[in-house]
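If you're matching them up, the sequences are chains Z and X in order. According to the working numbering, the stretch in the first sequence is residues 1 to 363, in order. According to the working numbering, the stretch in the second sequence is residues 364 to 726, in order. Ideal Cβ positions, reconstructed from N, Cα and C, are used throughout, including at glycine. Have a look at the structure below, then the notes.
Protein chains: 2
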Amino acid sequence: MGHVALGMGRPRSPAYDPAVCYESARVIVGPFLLYIGRIANPLDIKTSRGMAVFRREDCVGEFRHDDGPLTLGLPRFDFAEAVAAGARTLILGVAAAGGRMDATMIADVVAALDAGLDVAAGLHQRLRDAPAIAAAAQAGGRKLYDVRDPAAPPQVGTGQPRAGRRLLTVGTDCAVGKMYTALHLTAGLRSRGVAADFRATGQTGIMIAGAGVPIDAVVADFLSGAVEWLSPARHDNGWDVIEGQGSLFHPSFAGVSTGLLHGAQPDAVVLCHDPLRTHLRGLPHMPVPDIVMCLDRNLAVARLTNPMVQAVGVSLNTARMAAPDALALCGAIADRTGLPCVDPVTTGVAPILDRLSARAIAA
Amino acid sequence: MGHVALGMGRPRSPAYDPAVCYESARVIVGPFLLYIGRIANPLDIKTSRGMAVFRREDCVGEFRHDDGPLTLGLPRFDFAEAVAAGARTLILGVAAAGGRMDATMIADVVAALDAGLDVAAGLHQRLRDAPAIAAAAQAGGRKLYDVRDPAAPPQVGTGQPRAGRRLLTVGTDCAVGKMYTALHLTAGLRSRGVAADFRATGQTGIMIAGAGVPIDAVVADFLSGAVEWLSPARHDNGWDVIEGQGSLFHPSFAGVSTGLLHGAQPDAVVLCHDPLRTHLRGLPHMPVPDIVMCLDRNLAVARLTNPMVQAVGVSLNTARMAAPDALALCGAIADRTGLPCVDPVTTGVAPILDRLSARAIAA
C-alpha cells in the first residue's frame, strides 16, 4: 500500500517515474501518521494537511496534543496506537518560518522513533542534526527522511530552450494555492487523456509526489539549474505542471520565484491568489500586489527564457468566502484579466484546461 | 603587514570593522601568493587579478606554470621561493563555471601546503572536501580558508525599511565591473570625507575586503535575508556600497540578482556594462539586454523594498576600446539615459558621486 502512488490517485505517465527522472529520489514508506502536535496556526501544518487531502488513502491518522487546537479530521492516535494501526512513518508536516523544530517537536519525534516509526520532515533544520533525534533513530534502527535535502545536482541553469510543454503556477504571495492548483491541473489534464506530471518544488509537494526538488533549499547559484533538472525535455506531447514558490512581490522569496520562472521556461502560467489576504504572509507592512500587475511582471520575467509564454488563468482560494461572493469575484477577475478564473477546489479547473487547449500551445 | 587592510588603502570607517559587523569574519593572513596555474581564460583568474589590483601591497608574487599563458605582471615564484619571500597564504583566485578544482589545481594546492603556505579559495567545491588537500593541510598543520562558506546566519529577509544609505551596483551581465565600480565608488566617497563601506558579495570582493557574504552560495530561502545582515542599519550618514552579482537578464543567476536587490533596499543603483560583450557570459544564445530596459527593470524590482530608489549612473568597462571611442560611447549613453556614464578605471567615478550629492539622497 501507498508508498509509490502519486497523490492524485491516477497512474503516472512514464516521464514521471522517479527511478528514471530522479537519481536520488526518495520513497517514503507509508502508511503515514500525520503530525499536528500543539501547533495553532493552520498555515503551519500545511504539509500534514496536504498529505491528508492528496494522500488520504495512505494516512492512518493524526497525532495531536490535548491542548492542540487543530485537527485534520482523521482518527487521533498516539504513536503506539498508530504503529498498531499499521503506520510506518510519522510525517512531521509542519512549516514554521525559519524551519526549526521546537522542544515539543523534538521530544515528539524521539517518542515516535522509540515507538517504532520512521520519521519524515522537510524543515531547514534537518532531523539528523538534532542530536536527540539522531541518537533515537540510531538506537532503534529507524529511518529519517529529510525531504529538504536537494536532490538536484549542483549545476547552473543554461536558459537553453528544451522540448516539451510546461505550465508554472505563480502567486501574489506565499501559501495562496500554487501546489493545490498544480495538482488539480495535473489531474485534470490526465482525466482528459493528456500526459501530465506534477513537478514538486516544496516539502509538501515532494511528500505528496514522492519526489521533487525543495527549491528554496538549493544553493542560490543553482536555482534555475535545479528547475531545468527537475523538469527536463519531454517528447510525448505532454505537460509538466511545475509547482511555483513564493512571489515576485514577496521581498523574502522573490529570488526563488525568479529562478523558478527562468528555469521552468513556462509555456503557460496560472496566477494563484488569496482574495482575503490583506498583506503579504509574515510582513504586515507589505501589501499584496495587484493581480494584473503581478501577472504582467511574471510574464515579463518569464519571457527571458520563453518569449512565447502566455497567462492561461487565475486560481483563487475562496475557502473562507460565501459561495455567491466567490463566484462573483471569479467573474469580475475574469472580466478584468480576460482569463478564466477558478477555485480549483470548489469550481474545478476545467476553464483553464479549455484555455490551454484552445490556445493550442505548441509542443 | 597586510592582513586586515582594506584594499583601497584608506582607513575604514567604524561600521566596517569585521569584528563588529561580522560574527564569523575571516581574516586571511597575508602576504599573499596569487595563483594562475595554467588557466587560459582571463575571466577565470578574476579573483587573483582583483587581489593584484586592490591588495597589491600585500602580494609578493604570482604562481604560474611554464605553459600558462596569463600573467598578472607580478614576480613569478614557485611555492618555496614565495615562502622565502615572506608569503603566508596562496590565493587560489580562480573562478571557473561550476566552481570545481581540476587535477592540476589540486596537485598545486597540495604542493603549496607542503611548502608551508596556507591556502584560500572561494570555489563551490570547498578545499576541505578534496581529500588530498585536507590530508596535506592536516599533515602540515596548515590553514584552509573556504571563502564561499556563507558567514550570514540562515534568516529570511523581511523587507523592513532600515536606516542608512545604500548603493548597489547592478549589471547587464556577469563579470561586467560591478565589484570594480563598487570599490572605486567606496574610495571616491571616502576621499570626499563621506563614510562609506564596501560590502562584498562575491569571492573576489570578500578576499579583497576581508569579509562579506558569498551571496550565490547562500541557500535560496535566505538570499535577501543574507543581504539585510551584510548591510545592516547605519546611523552615521554614510553609505554602504554593495557589490552586485549576476543580472536580472541572465537566466542562470537572475534569482541571485533579485534577492540582492530586495535585500539591499538600495537608495541608488549604478548599472555596469561591458559594451563589447556580444552575448551573455557562457550563453551564446542569449543577447545582452539593452541598458535602458535593464535599468528600468532593476528599478522596478528594487522599488518593492525601496520605492525611492534612483539610478545615479552607468559604469562601462572600456579596457578594450580606443580612448576616443570610449569617451564618445560614454557621452552617447549619458545622453540617452540622462545619467553620468563613466569608466571607473580610466575616467574615475566623480560624475556619479556628483550626482549622488546633487540629488541629496536622504539618510
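### Message
Does any residue of chain Z have a CB that is nearer than 8 Å to the CB of X:Met468?
### Response
no
### Message
If you reduce the DSSP assignment to three classes, tell me which class Z:Glu228 lands in.
### Response
helix
### Query
What span of residues does the alpha helix (DSSP H) with X:Phe395 cover, start to end?
That residue, X:Phe395, is in no alpha helix (DSSP H); its beta strand (DSSP E) goes Phe395 to Gly400.
### Query
Taking just the CA atoms, how far does X:Ile469 sit from X:Arg491?
11 Å
### Query
Does the separation of the CB atoms of X:Leu396 and X:Ala445 fall below 8 Å?
yes
### Query
Of all the CB atoms in chain Z, is at least one closer than 8 Å to the CB of X:Ala447?
no
### Query
So is Z:His273 buried or exposed if we call it buried at 16+ other beta carbons inside 10 Å?
buried
### Message
For Z:Glu228, count the other beta carbons within 10 Å of its own beta carbon; 16 or more makes it buried, fewer makes it exposed. Which is it?
### Response
buried
### Query
Beta-carbon of X:Phe616 versus every beta-carbon of chain Z: anything under 8 Å?
yes
### Task
With a 10 Å radius around its C-beta and 16 neighbouring C-beta atoms as the bar for buried, classify X:Ala458 as buried or exposed.
buried
### Message
Quick check on the burial criterion: 16 or more other C-beta atoms within 10 angstroms. Buried or exposed for Z:Ser247?
### Response
buried
### Task
Ignore the nearest five residues each way along the sequence and tell me which others in Z:His235's own chain have a CB closer than 8 Å to its CB.
Ala163 and Gly164
### contact_flag[the stretch 202-211 of chain Z, the stretch 301-312 of chain Z] where n(CB pairs < 8 Å) is 3 or more
no
### Query
In three-state DSSP terms, what is X:Val582?
strand
### Identified DSSP bridge partners for Z:Ala268
Z:Leu167 and Z:Gln310
### Task
Output the boundary residues of the beta strand (DSSP E) element that contains Z:Cys59.
Cys59 to Arg64
### Supposed contact pair X:Leu531 and X:Pro629 - C-beta distance, whole angstroms, cut 8 Å
4 Å
### Query
Given that a residue counts as buried once 16 or more other Cβ atoms are within 10 Å of its Cβ, and exposed if not, what is Z:Gly338?
exposed
#### Entry: Whole-angstrom distance between X:Ala450 and X:Leu476, CA atom to CA atom
12 Å
### Query
With 16 other CB atoms within 10 Å as the buried threshold, where does Z:Gly171 fall?
buried
### Task
Quick one: which unbroken alpha helix (DSSP H) runs of 4-plus residues sit fully inside the stretch 643-687 of chain X? Chain order, please.
654-665
### Task
Please name the residue or residues paired with Z:Asp67 in a DSSP beta bridge.
Its beta-bridge partners do not exist; DSSP assigns none.
#### Entry: Those residues which DSSP pairs with Z:Thr347 across a bridge
None, per the DSSP bridge assignment.
### Query
Considering only C-alpha positions, which residue in the set Z:Ala358, Z:Ser252 and Z:Pro31 is nearest to X:Asp584?
Z:Ser252
### Task
Out of X:Asn661, X:Val473, X:Pro687 and X:Ala515, state which residue places its alpha-carbon closest to the alpha-carbon of X:Phe442.
X:Val473
### Task
Would you kindly report the start and end of the unbroken beta strand (DSSP E) that includes X:Ala484?
Asp481 to Ala484
### Task
Check the Cβ-Cβ distances between X:Ala713 and every residue of chain Z, and say whether any is below 8 Å.
no
### Message
When you compare the CB positions of Z:Ser231 and Z:Arg190, do they come within less than 8 Å of one another, or not?
### Response
no
### Task
Apply the 10 Å Cβ neighbour rule to X:Thr434 and answer buried if 16 or more other Cβ atoms are within range, or exposed otherwise.
exposed
### Query
From Z:Asn317 to Z:Glu57, what distance separates their C-alpha atoms?
24 Å
### Message
Looking at chain Z, is there any beta carbon in it that lies within less than 8 Å of the beta carbon of X:His642?
### Response
no
### Message
Along the chain, where does the beta strand (DSSP E) containing Z:Phe198 start, and where does it finish?
### Response
Ala196 to Arg199
### Query
Name the chain X residues that come within less than 7 Å of Z:Phe54, Cβ to Cβ?
Within chain X, no residue comes near Z:Phe54; the closest Cβ sits about 23 Å away, beyond 7 Å.
### Cβ-based neighbour list, X:Arg718, same chain, cut-off 8 Å, excluding 5 preceding and 5 following
Val675, Gly676, Leu702 and Pro703
### Task
List the whole-angstrom C-beta distance separating Z:Thr89 from Z:Val60, where the pair is believed to meet the contact cut-off of C-beta under 8 Å.
About 10 Å separates the two Cβ atoms, so there is no contact after all.
### Query
Nearest chain X C-beta to Z:Gln160 closer than 8 Å, yes or no?
yes
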